[in-house]
Structures are given as C-alpha cells and as structure tokens.
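Trainee: Take a look at this one; I'll ask things after.
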Amino acid sequence: RVQLPRPKQPRIIVVANQKGGVGKTTTTVNIATALALGGLNVLVVDNDPQGNASTALGVDHSPGTKGTYEVLMDRVGIIEYAQPSPHSPNLHVLPAAIDLSAAELELVNERGREHRMRDAIITYIEESGVDYVFFDCPPSLGLLTLNALVAATEILVPIQAEYYALEGVTQLMRTINRVKGNLNDDLELSTILLTMFDSRTNLSREVADEVRKHFSEQTLNNEIPRSVKIAEAPSFGLPVITYQPKSIGALAYQAAAEEIANRGAED
Ligand code: ADP
Ligand code: MG
57 RVQLPRPKQP
67 RIIVVANQKG
77 GVGKTTTTVN
87 IATALALGGL
97 NVLVVDNDPQ
107 GNASTALGVD
117 HSPGTKGTYE
127 VLMDRVGIIE
137 YAQPSPHSPN
147 LHVLPAAIDL
157 SAAELELVNE
167 RGREHRMRDA
177 IITYIEESGV
187 DYVFFDCPPS
197 LGLLTLNALV
207 AATEILVPIQ
217 AEYYALEGVT
227 QLMRTINRVK
237 GNLNDDLELS
247 TILLTMFDSR
257 TNLSREVADE
267 VRKHFSEQTL
277 NNEIPRSVKI
287 AEAPSFGLPV
297 ITYQPKSIGA
307 LAYQAAAEEI
317 ANRGAED
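Numbering (full-length UniProt numbering), first residue to last: 57 to 323.
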C-alpha cells in the first residue's frame, strides 16, 4: 500500500446529504479505511442512530454501547469510547447505538447544543494526533447533523447519479450557508462524489455532466460504479476496500480516497 500524504491540518469532513440511500455510509467507511490503510490516523464518528457505519466497520453498537450519544449529552471525551477498528490499528470508530436517536430531541433544551461535538473534536485532536475525522450523518438536517457541520471544516456530498440529484443539493447548500454565516465560518463544500454510477445509462452520464457543470472544482474525477460487491460487503462487517480489494468498487473508492488525500495536501 502507498503511504498517503498527511494533511497540514487535521481535516474534519462531514459526509452529508439529506436524502437516504445515496451512499453516505458506504462512502464514509471506504474512504476512511483507505486513508487509514494509507498510513493516516483516522476517526469515524457514527452520527446516525442506525449505526450502519459501526456495523460496516465491524464495531459493536448494540443497545447500551457507549459512543456518540455520551459525547453529545454527557460531554464525555471521544477518546473514552472510540473503538479501534478490527481492520486497521490507526482507524477508530465512535459507535452509534440506537439510543442516539433520543439525542436529536434531548439536545433541544441543552445549553450550547450546536457546539457539543465541536468541543469534543477539538479535545480529541489534541489527545490523538488524528489526521482525518469523518462524520457519517443521518438523512436529515437536524441537530445531529448540525453538530457535525459546526465541528467540521469540510463537507463531502455523495450524489447518486439519478434525476433530481441537484435539487437536494440546493437545499443542502442553503443549510450550509446558514451554518457558515452563523456558527462556523470555516465550513466549505469541498468534495462531491458521484455514487452508484452506471456508465451504460444516459441518465447517469447526464446527471454526472450536470453535477460537474455546477461543481467543477468540487467533483472528484473518480466515480463510484454500481457494484454488487459494494452492496454485500457490510453484511460481513467489512468495507469493500478490505472485503474485495481487487473489485472495481474497491479500486474506485481507493482512487477517490487518494484524490481526496492529494487535494488536501496541496492547500
Ligand atoms: P446512505 O448512508 O446514504 O443511506 P448507504 O451507503 O447505506 O447510503 O447505501 C444505501 C444502500 O446502497 C446500501 O445497501 C449500500 O450497500 C448500497 N450501495 C451503496 N453504494 C453502492 C454501490 N456503489 N453499488 C451498489 N450498492 C451500493
Ligand atoms: Mg447511512
């Protein structure tokens, strides 16, 4: 494996799209694993009560498992509950159990409710020397996603190559700009990744052209193809990158991760 370039500053990336099923979790776990296998220190914060990222990375998230909920509600340090992934010693996962769903409502009445995760991340960066933090978000723009947006420096938006893909992005851009204006000046939509791309269909190509026209800087050159191996990997508690490293899906995620790492090293 090639050693990937270390960013000058830790990069804190929210993987967001308020649409479900577009490849947020798949993108999070595979990019994070590829960067970790490239020698970088990586944390995945599972910020979705469904805990799909925890599952896909082979980390326990059964009810009662401590993780993202405790960090947000009890202000416990991330380092206390981040678990090493079984696949790479420099990949850690802050798991999400179903209990996290309560945080969305419980946070409403808390003081500093939007800044909980940012405070925790600042401390974790000092304690851990992490290079990349990824937030896998639920398909909504509520307080869980907001906490991640306030903590982050960048947003990565996976876009499924289908009609109306850009409509959702417009709404997301509005939220980003509101957060940027009020809570986090540093936030940038840095990266767009086309997922579930099917080069045989005109539709996929049209959507890709449209996305590239609007977001020429941000859109990665590598697209993620639709692939059965990608879809079956989570049931083995593995990202496709380690489940079937030679498959087209794994190679595409590997290439996208290298693109992300190289872009980040240029700044
Ligand atoms: P989200 O987190 O946005 O809801 P997921 O990453 O969970 O989306 O993906 C939704 C479903 O599609 C999952 O079952 C996943 O395994 C599958 N999937 C994701 N990317 C691909 C792909 N490139 N090819 C085939 N199936 C995919
Ligand atoms: Mg998901």
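We put the CB at the ideal spot given by N, CA and C, even for glycine.
1. For a test of your reading of the model: does the CB of Lys75 fall under 7 Å from any non-hydrogen atom of ligand 2? Yes or no.
2. Give me the Cβ distance between Leu99 and Ala138, rounded to the nearest whole Å; I'm assuming they're in contact under 8 Å.
3. Counting only the same chain and skipping the five closest in sequence on each side, list residues whose C-beta sits under 8 Å from that of Leu199.
4. Taking the beta strand (DSSP E) that Asp102 falls in, what are its first and last residues?
5. Taking the DSSP output, what are the residues bridged to residue 324?
6. Where does Gln59 fall in DSSP's three states?
7. State the CB to CB distance for the pair Asn97 and Asn146, rounded to an integer number of angstroms; the pair is presumed to be in contact (CB under 8 Å).
8. Give me the DSSP bridge partner(s) of Ile232.
9. Given 8 Å as the limit, is there contact between the stretch 83-90 and the stretch 169-185, that is, 3 or more CB pairs closer than that?
10. Among Pro151, Leu128, Glu279, whose alpha-carbon lies nearest the alpha-carbon of Ser118?
11. With a CB to CB cut of under 6 Å and the five nearest residues on each side skipped, what residues in its chain are close to Asp155?
12. Would you list the residues sitting across from Phe253 in a DSSP beta bridge?
13. With DSSP run on the structure shown, which of helix, strand or coil describes Asn258?
14. Does the beta-carbon distance from Val263 to Ala217 come in below 8 Å?
15. In or out: Ala317 buried (at least 16 other Cβ within 10 Å) or exposed?
16. On a Cα-Cα basis, can you pick out the residue from Thr209, Val213, Pro214, Ile215 that is closest to Leu239?
17. Any chance the CB of Ser196 is under 7 Å from a heavy atom of ligand 1?
18. For Thr141, write down the residues that DSSP places opposite it in a beta bridge.
19. Where does Ser246 fall in DSSP's three states?
20. Within its chain, find whatever has a CB closer than 8 Å to the CB of Arg282; leave out the 5 residues flanking it on each side and keep chain order.
21. Could you tell me if the beta carbon of Ile280 falls within a distance shorter than 7 Å of some heavy atom in ligand 4?
22. On the three-state DSSP scale, how would you describe Thr209?
Mentor: According to the structure shown:
1. Checking every heavy atom of ligand 2 against the Cβ of Lys75, none is found closer than 7 Å.
2. 6 Å
3. The answer, listed in chain order, is Ala159, Glu160, Leu163, Val164, Arg169, Glu170.
4. Boundaries of the beta strand (DSSP E) harbouring Asp102: 98-102, taken from the DSSP string.
5. Since the first residue shown for the chain is 57 and the last is 323, residue 324 is missing from the structure and cannot be characterised.
6. coil
7. 5 Å
8. Partner(s): none; Ile232 has no beta bridge.
9. no
10. The shortest CA-to-CA distance from Ser118 to any of Pro151, Leu128, Glu279 is the one to Pro151.
11. Tyr125
12. Answer is Pro281.
13. When DSSP states are grouped into helix, strand and coil, Asn258 belongs to the helix group.
14. yes
15. By the 10 Å Cβ count, Ala317 comes out buried.
16. Considering only alpha carbons, the answer is Thr209.
17. no
18. Note on residue identity: the sequence assigns Ser, not Thr, to residue 141. Answer is Ser144.
19. strand
20. Met252, Phe253, Asp254
21. Annotation note on ligand 4: not contained in the displayed structure, which lists ligand 1 and ligand 2 as its ligands.
22. coil
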